[in-house]
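Reading through the structure tokens given below for one structure.
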Amino acid sequence: MSFCYCGKLAADRVAWTDANAGRRFKNCVDGSSGCRYFQWVDGPLCSRAQIVIPGLLRNMRGMESKYEQQIVEVQKREARKWRFRVVVVCLFWFVVYVLSGSDKQ
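Numbering follows the UniProt record's numbering, with no gaps: position 76 of the sequence shown is 76.
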């Protein structure tokens, strides 16, 4: 447990920049107080990790983006199906109403 310069408990965080992807650090919980406390928890990444990890993160973000787009497409498709079903049911009841009215004449 460590405390920052302003006496608050330092927050555990993870860096996601290309140079330090996945590297843990501690800093002040209250960023607006002007406290500049910063301390690395992990040692520096090797040069290979600095190349591989950002590439993996980009691939993962791309896959997440494609997945979210697919979810939106499926939701749109389901909404169209629902609207189509409502129209079919309305038409069915309209036809039943018209036909039942024509029998009374």
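No residue lacks a Cβ here, since even glycine has one placed at the ideal position from N, Cα and C.
Based on DSSP bridge pairs, tell me the residues matched to K26.
Taking the first residue of the sequence shown as 1, we reach residue 26 at position 26. Per DSSP, D12, Q39.
With distances taken Cα to Cα, identify the nearest neighbour of K26 among L45, Q50, W93, M1.
Taking the sequence shown and counting its residues from 1, one reaches residue 26 at position 26. Among L45, Q50, W93, M1, the Cα nearest to that of K26 belongs to M1.
Could you tell me if the beta carbon of L9 falls within a distance shorter than 7 Å of some heavy atom in the ligand FAD?
Annotation note on the ligand FAD: not contained in the displayed structure, which lists no ligands.
State the beta-bridge partners of F3 as determined by DSSP.
Here the question's residue 3 lines up with position 3 in the sequence shown. Paired residues: L9.
Using a threshold of 8 Å, state whether the C-beta atoms of A21 and I71 are closer than that.
By one-based count along the sequence shown, residue 21 stands at place 21. By one-based count along the sequence shown, residue 71 stands at place 71. No, the pair does not count as a contact, with Cβ atoms beyond the cut-off.
When we look at the beta-carbon of C4 and count the other beta-carbons within 10 Å, is it buried (16 or more) or exposed?
The residue given as residue 4 occupies position 4 in the sequence shown. Flag for C4 reads buried.
Quick check on A19: does DSSP put it in helix, strand or coil?
Translated into the one-based positions of the sequence shown, residue 19 becomes position 19. DSSP places A19 in coil when its eight states are reduced to three.
Could you tell me how far apart the beta carbons of A15 and C28 are, in whole angstroms, since I believe they sit closer than 8 Å?
Within the sequence shown, numbered from 1, the residue matching residue 15 stands at position 15. Within the sequence shown, numbered from 1, the residue matching residue 28 stands at position 28. Not quite, the Cβ-Cβ distance comes to about 15 Å (not below 8 Å), so this is no contact.
What is the rounded straight-line gap between the Cα of Q50 and the Cα of S32?
Numbered from 1 along the sequence shown, position 50 holds the residue referred to as residue 50. Numbered from 1 along the sequence shown, position 32 holds the residue referred to as residue 32. Q50 and S32: Cα-Cα distance of roughly 30 Å.
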